[in-house]
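A.B. asks:
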Amino acid sequence: MLAIQGGVPVYDVKSRPWPVWPISDGTELSLLKEVLDSRVWSYNGPKELEFIRRWKAFTGSDHVFLVANGTVSIQLALEACGIGYGDEVIVPGLTWQATAAAVLDVNAVPVLVDVEEDTWCLDPVKFEQTITERTKAVIPVHLYGNMADMDAVLSIARKHGLRVIEDAAHKHGACWRGVAAGTLGDIGSYSLQLSKILTAGEGGILTAQDAQIAGRLDALRNCGRRPSNLIVDKGAGQYGEVGDFIQSGNYRITEFQAAVLLAQFARMEQQNAVRDKNACMLDAMLSKLPGISTMRDDPRETHRAYFKYAFRYDEGQVGIPVDRFRSALSAELGLKVESCYQPLNNCSLYRPHTKQRHNLNPEYWKAIDPSRFDLPACWRIFKSVAVTLPQNLLLASEEDIALVGRAVAKVLDGKSALV
Ligand SMILES: Cc1ncc(COP(=O)(O)O)c(C=O)c1O
621 MLAIQGGVPV YDVKSRPWPV WPISDGTELS LLKEVLDSRV WSYNGPKELE FIRRWKAFTG
681 SDHVFLVANG TVSIQLALEA CGIGYGDEVI VPGLTWQATA AAVLDVNAVP VLVDVEEDTW
741 CLDPVKFEQT ITERTKAVIP VHLYGNMADM DAVLSIARKH GLRVIEDAAH KHGACWRGVA
801 AGTLGDIGSY SLQLSKILTA GEGGILTAQD AQIAGRLDAL RNCGRRPSNL IVDKGAGQYG
861 EVGDFIQSGN YRITEFQAAV LLAQFARMEQ QNAVRDKNAC MLDAMLSKLP GISTMRDDPR
921 ETHRAYFKYA FRYDEGQVGI PVDRFRSALS AELGLKVESC YQPLNNCSLY RPHTKQRHNL
981 NPEYWKAIDP SRFDLPACWR IFKSVAVTLP QNLLLASEED IALVGRAVAK VLDGKSALV
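Just so you know, the sequence shown maps onto residues 621 to 1039 in the working numbering.
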C-alpha cells in the first residue's frame, strides 16, 4: 500500500533523516571568531579578498567580486553593460523571478522566451527569433541540474552583438567544455543564498572577462567608487577628485559572510562530486521506469552541479496527474517533492505592475506586462511534467539513493490508488 494511503513508506525519515543543509562545523565558528576579533567586519577585508583569490583560481576568471545577493548581482551586471531604458533583455520564462526583476530594476524590458523540453533552459531557436533592434543582452539561466546550450547562446549573441550575462545561481562548479559556468559569457552571476550549493546565508558572486566591465562592476558594487579614485586635499578646505566617479549604491558583502564562504567553499567540490555520482545513479534507475524520463545528458557539460535533481513525468503515459504522483512520492520519501519554478508570464512573485516606480510611461508599462509572452513549454513542464528533489537529498548514501528509485517505482506500480 502506498504511504499516502497509510502504507509503510519506502524511506523511514524518522530513523534516517535526510542530510541537512547547510552543513557546518568548527571551521565556520573559528573563522567567524577571527572576523569578530579583527574588527574588520566589512569592506574588502582579508577573508573577502582570500575568497576572491580562490574563486579566480577555481573558475579561471580574472575579475571576481562579492556582492549582497544573486539578484543585485544581475542588476549590477546589466548596469555595467550600460543597459537601461529603451533596451530589451532576453530572459527564459522558467527561472526564479529575480532574473527578470533585475531587468526591471534597470528600467529595461524583460522579454520572456520559452525553454527546451529536456533541459528547461532557454530555447536557442526561440531566443534568436525574439531578437529585435532593441535587444541588448540575454541572460541564459542554468537551471537545477542542466546548463543552457552555451554553444548556441554564445554564437547567436555574437552574431547579433548582444551581451551575455550568465545566471549561474544554481551552478557553482559546473563546466561547459571544461570552462566554468559563469565565465562563458561577458559576466557571470552566482547566488550564495541559503539553499544554494555554495552559501553564505545570503550573498552573490560576479565574474567578468573584460577589464573595463570589471572596473565598472567594482565601482557599482561600492557606491560608485573606483579603486583609482582619490579625494585630494587641496588645502584651505578645498577638496578635488581624481578619476571618474559613477552613480551607484552599497551592494557590498560583510566579512562574516566571506568567512562562512571560505569554509563552505572548502567542502564544495567534494559535495558536488557526491551529488553528481548520486544523480547518475538516479538517472540510471529512473530512466528504466515507464512514464519517467531523465533530463538531457549533454556531453558538453563536462562537470555537473545540481541545485536540485529534476526529472520528467509523462502524465499521458502514466494516466495520473503529476501533482498526485508528487504527493505520493513525498509521502514515500518523507520530504517535499516539488514542481519547477512557476513560469514568469503568470507568476505570483513576478508582478511588475504592482510597483509604481515601473510606470515610466504607457509604452513601458505595456512592454513589461508578462502576460503578453507565450510560454507553452514552460507551462507544460510546470503543470504536467516537472518533478524536483532538493539538492541535500543528493548528499545521501548510495543505499538511500537506491530507495529513491524504489519509491518512484512503488508509486508507479500503485498508481491505481491515485486515480
Ligand atoms: C536562477 C536564480 N537567479 C537568481 C537568484 C537570486 O539570488 P538571490 O536569492 O541570492 O538574490 C536565484 C535565487 O534563488 C535563482 O535561483
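Using N, Cα and C, we set each Cβ at its ideal position, and we do this for glycine too. The structure displayed is predicted, hence computed values, not measured ones.
#1: Rounded C-beta distance between Val687 and Leu698? I'm assuming under 8 angstroms.
#2: When you compare the CB of Phe931 with every CB in chain C, is at least one pair closer than 9 angstroms?
#3: Per the contact definition of three or more C-beta pairs closer than 8 angstroms, is the segment 921 to 938 in contact with the segment 1010 to 1019?
#4: How close, in whole Å, do the beta carbons of Asp787 and Arg916 come, if the pair is a contact with beta carbons under 8 angstroms?
#5: With a threshold of 7 angstroms on Cβ separation, who are the neighbours of Gly844 within its own chain once the five nearest residues in sequence on each side are excluded?
#6: So does Lys816 have its beta carbon nearer than 8 angstroms to some heavy atom of ligand 1?
#7: Around the C-beta of Met621, are 16 or more other C-beta atoms found within 10 angstroms, so that it is buried, or is it exposed?
#8: Return the chain-ordered list of same chain residues with a C-beta closer than 8 angstroms to the C-beta of Leu949, the five sequence neighbours on each side being excluded.
#9: So does the segment 709 to 728 actually touch the segment 660 to 674, counting three or more Cβ pairs closer than 8 angstroms?
#10: Answer yes or no: do Leu782 and Ile807 have a C-beta to C-beta separation smaller than 9 angstroms?
#11: So is Thr752 buried or exposed if we call it buried at 16+ other beta carbons inside 10 Å?
#12: Closest to Gly939 by CA distance: which of Arg920, Pro910 and Leu840 is it?
#13: Does the distance from the CB of Trp740 to the CB of Cys960 come in under 9 angstroms?
#14: Could you give the DSSP three-state label for Glu822: helix, strand or coil?
#15: Helix or strand or just coil, what does DSSP make of Ile873?
#16: Counting Cβ pairs closer than 8 angstroms, one from the segment 727 to 736 and one from the segment 983 to 997, do we hit at least three?
#17: Examine ligand 1 and report whether any of its heavy atoms sits within less than 8 angstroms of the Cβ of Thr679.
#18: What did DSSP end up calling Gly1040 once you bin it into helix, strand or coil?
#19: Does the beta-carbon of Gln867, which I'm using as the reference point, lie nearer than 8 angstroms to any heavy atom of ligand 1?
#20: If you drop the 5 nearest sequence neighbours on each side, which residues of the same chain put their C-beta closer than 7 angstroms to that of Thr750?
#21: Does the segment 797 to 814 touch the segment 676 to 686, meaning 3 or more C-beta pairs lie closer than 8 angstroms?
#22: In whole angstroms, what separates the C-alpha of Pro666 from that of Leu774?
#23: Among the candidates Ile825, Gly823, Arg846 and Glu822, whose CA atom is the shortest distance from the CA of Gln832?
#24: Cβ of Ala718 versus every heavy atom of ligand 1: is any distance shorter than 8 angstroms?
#25: Using C-beta distances below 6 angstroms, list every residue in its chain close to Ala883, excluding the 5 sequence neighbours before and after it, in chain order.
#26: Could you tell me the alpha carbon to alpha carbon distance between Ala879 and His792, rounded to whole angstroms?
#27: Under 8 angstroms from any heavy atom of ligand 1, does the C-beta of Asp787 make it?
#28: What is the DSSP secondary structure of Leu651, counted as helix, strand or coil?
#29: Suppose the cutoff is 8 angstroms on Cβ atoms and the five residues either side in sequence are ignored; what does the same chain contact list for Leu955 look like?
#30: Could you tell me the alpha carbon to alpha carbon distance between Asn965 and Met901, rounded to whole angstroms?
#31: Can you find a heavy atom of ligand 1 that lies under 8 angstroms from the Cβ of Phe927?
#32: I'd like to know whether the C-beta atoms of Ser693 and Ile825 end up nearer to each other than 9 angstroms.
#33: Using the three-state DSSP reduction, which class does Gly936 fall into: helix, strand or coil?
#34: What would DSSP say about Lys756, mapped onto helix, strand or coil?
#35: Identify the continuous beta strand (DSSP E) that holds Asp787 and give its terminal residues.
#36: Please tell me whether, using a cut-off of 8 angstroms, the distance from the CB of His792 to the nearest non-hydrogen atom of ligand 1 is below it.
C.D. replies: So, from the data block:
#1: At roughly 13 angstroms, the Cβ-Cβ gap does not stay under 8 angstroms, so Val687 and Leu698 are not in contact.
#2: Protein chains in the displayed structure number just one, and chain C is not present.
#3: yes
#4: About 19 angstroms; that fails the 8 angstroms criterion.
#5: Phe865, Ile866, Gln867 and Ser868
#6: yes
#7: exposed
#8: Val957, Val1007, Ala1027, Val1028 and Val1031
#9: no
#10: no
#11: exposed
#12: Pro910
#13: yes
#14: coil
#15: coil
#16: yes
#17: no
#18: In this structure the chain extends from 621 to 1039, so residue 1040 is not present and cannot be described.
#19: no
#20: Ile710, Val731 and Val733
#21: yes
#22: 35 angstroms
#23: Arg846
#24: yes
#25: Thr647, Glu648 and Leu651
#26: 18 angstroms
#27: yes
#28: helix
#29: Val633, Trp638, Leu1009, Pro1010 and Leu1013
#30: 35 angstroms
#31: yes
#32: yes
#33: helix
#34: strand
#35: Arg783 to Asp787
#36: no
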